[in-house]
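To keep things clear, I will list the structure first and then write my remarks on it.
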């Protein structure tokens, strides 16, 4: 029987999140410089995108959620099976069998992990773009919060989040 490494310490997991959040912030700064600032300066008008609910959802997904998903998936699928933040915190993703995670497992892990972001964006855009609070806005925000809690809260107690449970993965100290 293979003895699996212990889960990564909570402190290292939290540190890796902060490092990875810096990557996200850097990407958002790029998006702002390339799209937000030119629109603010009146160089072009994207109001048709932001006032159409479906177009806005697609734009936010393409500009923010998809790059984050690709960052997580590519870095966790390829050796050392760790994002920049995980590498800095000396932790990595493995399969429950102790071997490197397969591509399908990494895809599932990260789809579940970014789903709260996507739902949160969809709920927020509906809240700020409507004169009244809609059921869809509250539903998206509520689902986002519940799913985020299922990802994050178990990790705070050195347990696997729902993303790792569904994917058959775990995060351990890197060797």
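Numbering (the numbering used here), first residue to last: 35 to 209. Idealized CB from N, CA, C, for every residue including glycine.
What's the call for residue 128, buried or exposed, on a 16-neighbour Cβ count within 10 Å? Residue mapping note: residue 128 aligns to position 94 of the chain shown, counting from 1. The residue in question, residue 128, is buried, as its Cβ has 16 or more Cβ neighbours within 10 Å.
Are residue 121 and residue 114 close, meaning C-beta to C-beta below 8 Å? For the purposes of this step, residue 121 is taken as the residue at position 87 of the chain shown. For the purposes of this step, residue 114 is taken as the residue at position 80 of the chain shown. Yes.
Based on the DSSP output, what are the partners of residue 41 in its beta bridges? Reading the chain shown from its first residue, position 7 is the one you call residue 41. Paired residues: 206.
What does residue 128 pair with, by DSSP beta-bridge criteria? Counted from its first residue, the chain shown places residue 128 at position 94. DSSP output for residue 128 lists 204 as bridge partner(s).
Check residue 115 in the structure and name its three-state DSSP category. The residue labelled residue 115 in the question sits at position 81 within the chain shown. Residue 115: coil per DSSP, three-state reduction.
Alpha carbon to alpha carbon, what distance is there between residue 142 and residue 188? Stepping through the chain shown from its first residue, residue 188 is reached at position 154. Stepping through the chain shown from its first residue, residue 142 is reached at position 108. Taken atom to atom, the span from the alpha-carbon of residue 188 to that of residue 142 is near 18 Å.
Pair every Cβ in the segment 158-172 with every Cβ in the segment 73-92, then say whether three or more of these pairs are closer than 8 Å. By the Cβ test, the segment 158-172 is in contact with the segment 73-92, since at least three Cβ pairs between them sit closer than 8 Å.
Residue range of the unbroken alpha helix (DSSP H) whose run includes residue 165: On the chain shown, residue 165 is found 131 positions in, with the first residue counted as 1. Per DSSP, residue 165 belongs to no alpha helix (DSSP H) and is neither H nor E.
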